[in-house]
Ligand code: NAP
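Residue numbers (my numbering): 493 to 796.
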């Protein structure tokens, strides 16, 4: 039987709507308008598209957005000075520095200069440490979106066997921590894992984040498994270019219980979770409690 297709576009739109409602309540009841600042250095065309989209979506959810576009030749010191000003600015609650930065700037130094309370990308080691010790943390947006999608299918992830293919700091590792917080039993696989198909075929939940086009095949998938495909890979066939995921979608969807498409699965969730993180940051800075699990993001600021 063909798998349920997990519609990331509509789930993300629904989450953005919930964040928008919570922002409305925060403004109405407390007079706090969450503020999101994005910093782009240089003119990488893909980064410009991402940044424009982030600014547009934050504004449409009722937040303030501050768009800082700096020339390619901006020095590291100039960028650090801007981060310092944004850290100190009380109307800015979330700061995102769009990667990649130009080669003459030390990305790690810049990301570590962001106030962890305003680190809406969740890349600061303080947030990584808080997440891995089970404390409230701002969590990287893509893994947050992956777990959110899996929960729309499974409800609770407790006791399920999950495999995370990939161990990067921005996707694989935080995803593992979020799944542990959801009480899943988690295996992390990487380029040195032996018998990847065999390990993968045990899993009720498969999260693929390797950056290898269509690497995960039908026989890697346990019948009925939920498959969340993070990969974004551009492939060219017969002179035509298209985007594919890390999972061979057509064949995997014959055996999976539910599967995300690429595009239209995890991708749209990333910005929706960025909005949720900005709302969380604004609430935390104002002294409202965040849910400890890192999930339940739509419930951050109460209900009517
Ligand atoms: P990354 O930093 O390159 O990490 C890739 C991971 O995959 C590494 O841990 C690597 O293992 C592992 N890997 C590579 N080849 C493998 C193989 N043949 N078998 C098993 N494991 C293998 O990538 P990333 O930043 O995590 O991104 C992963 C994918 O997600 C990319 O396609 C990226 O474009 C996409 N992505 C999508 C979004 C979104 O919003 N949808 C956001 C971020 C990333 P080692 O550690 O052993 O090298």
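Using N, Cα and C, we set each Cβ at its ideal position, and we do this for glycine too.
Residue range of the unbroken beta strand (DSSP E) whose run includes residue i
i, result
"residue 588", "586-589"
"residue 527", "527-533"
"residue 559", "556-562"
"residue 728", "725-729"
"residue 732", "732-736"
"residue 739", "Run containing residue 739: none; DSSP gives neither H nor E here."
"residue 766", "It is not in any beta strand (DSSP E) - residue 766 instead sits in the alpha helix (DSSP H) that spans 758-777."
"residue 503", "First-last for residue 503: 500-522, but that is the alpha helix (DSSP H), not the beta strand (DSSP E)."
heavy atom of the ligand NAP below 6 Å from residue i C-beta
i, result
"residue 679", "no"
"residue 539", "no"
"residue 736", "no"
"residue 614", "no"
"residue 759", "yes"
"residue 659", "yes"
"residue 683", "yes"
"residue 723", "yes"
"residue 740", "no"
"residue 703", "yes"
"residue 663", "yes"
"residue 634", "yes"
Residue i vs residue j beta-carbon contact at 7 Å
i, j, result
"residue 738", "residue 759", "no"
"residue 584", "residue 529", "yes"
"residue 679", "residue 655", "yes"
"residue 718", "residue 756", "no"
"residue 515", "residue 553", "yes"
"residue 497", "residue 753", "yes"
"residue 549", "residue 763", "yes"
"residue 568", "residue 606", "no"
"residue 777", "residue 609", "yes"
"residue 570", "residue 594", "no"
"residue 695", "residue 658", "no"
Option in the options with minimal Cα separation from residue i
i, options, result
"residue 774", "512, 525, 650 and 674", "525"
"residue 603", "662, 496, 681 and 732", "662"
"residue 705", "741, 692, 715 and 687", "741"
"residue 508", "776, 767, 772 and 780", "767"
"residue 707", "715, 727 and 667", "727"
"residue 779", "518, 577 and 619", "518"
"residue 711", "643, 574, 720 and 692", "692"
"residue 813", "559, 699, 632 and 769", "Any property of residue 813 remains undetermined from this structure, which presents the chain solely from 493 to 796."
"residue 672", "504, 639 and 617", "639"
"residue 632", "761, 575 and 502", "761"
Segment limits, alpha helix (DSSP H) that includes residue i
i, result
"residue 569", "568-580"
"residue 583", "Premise fails: residue 583 is in no alpha helix (DSSP H) and is neither H nor E."
"residue 688", "688-692"
"residue 547", "537-552"
Problem - beta strand (DSSP E) runs wholly inside the segment 642-678, at least 3 long, in chain order - result: Listed in chain order, the complete beta strand (DSSP E) runs (minimum 3 residues) inside the segment 642-678 are 653-657.
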